[in-house]
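With the numbering used here applied, the first sequence closes on residue 1075, and no number is skipped along the way. By construction, the Cβ of each residue, glycine as well, lies at the ideal position given by its N, Cα and C atoms. As the structure is a prediction and not an experimental result, all values here were calculated from the model. Just below is one structure, and these are the notes that go with it.
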Amino acid sequence: MDFEINTSVYEKLPRSFYQRDDVVQVAKDLLGKVLISNFDGMITAGKIVETEAYCGRGDKACHANGKKTPRTQVMYGDGGYAYVYLCYGIHHLFNVVTNREGLADAVLIRAIEPLDGLDAMKERRKFTKAKLTSGPGTLTQAMGINVRMTGYDLLSDELCVASSTKGEKFKILSDVRIGVEYAEEDALRPWRFLIEGNSFVSKKVK
DNA sequence: TCTAAGATGGGT
DNA sequence: CCCATCTTAGAA
């Protein structure tokens, strides 16, 4: 499939999309949108098919749950910037910072359906037979996203999220978030969202 | 300084 | 099931 960075087809989401105060709604609205990266002369793009919401106030699963540290600083900034952190010393997980200055919410992007730059993705994934972009750590590797991109403006030309004018209809499924069992009662929040029937999600719901 | 834990992924 | 791998946060 051809993909062109053409504003008549793919339009960057405006800052106001990210600045909304309901991070759960933003997580749902990010499904179906297109994540685009342009690093090292390689353009890659994919449809977002799975997300998770994290709220900075009262959510024990969120890194910035009341605590402001060097790592979580960017989440306290304005919406529409990248928060990328290293997980288990190996995986770079990409989040979209949402809400306004001082309100540290974010949406973790957990899986994409590749649309463009398949060769670059496979090369970056070292041609393994494993999953290409179905998981928060694999999609970042495929798209060349790493912790150095923390703070990147998502309205930039290197890394951005755009809407497709195709307007496909789909049903949204929700489930508990993955890997946050330590968060006690907050682990039960059904804040993982995915596109029903899409085969590129990281895991099916129960 | 020291250390345990972690929003995972891939192989056995 | 097991483990690679290393930053971060919080404790001492």
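Of all alpha-carbon atoms in V918, A1052, D947, R1017, the one lying nearest the alpha-carbon of S1043 is that of V918.
Excluding the 5 residues flanking it on each side, K1072 has same chain C-beta neighbours closer than 8 Å at I1047, in chain order. P1005 and A980 have their alpha carbons spaced roughly 6 Å apart. Between the alpha carbons of H960 and V878 lies a distance of about 32 Å. Setting aside the 5 residues that flank it on each side, V892 is surrounded in the same chain by A922, C924, T967, D974, each with a C-beta closer than 6 Å to its C-beta; the list follows chain order. In the structure shown, E919 adopts extended strand secondary structure according to DSSP, grouped into three states. Residues of the same chain with a CB within less than 6 Å of the CB of G948, apart from the 5 flanking positions on each side, are Y887, Q888, V966, T967, N968 in chain order.
The stretch 927–945 and the stretch 995–1012 do not touch, with fewer than three beta-carbon pairs separated by less than 8 Å.
Taking the Cα of P1059 as reference, the smallest distance to any Cα among T997, A896, D1022 is reached at A896. Beta-carbon to beta-carbon, Y945 and G971 are separated by about 6 Å, close enough to satisfy the 8 Å threshold.
When L977, K936, Q942 are compared, the shortest CA-CA separation from C956 is found for L977.
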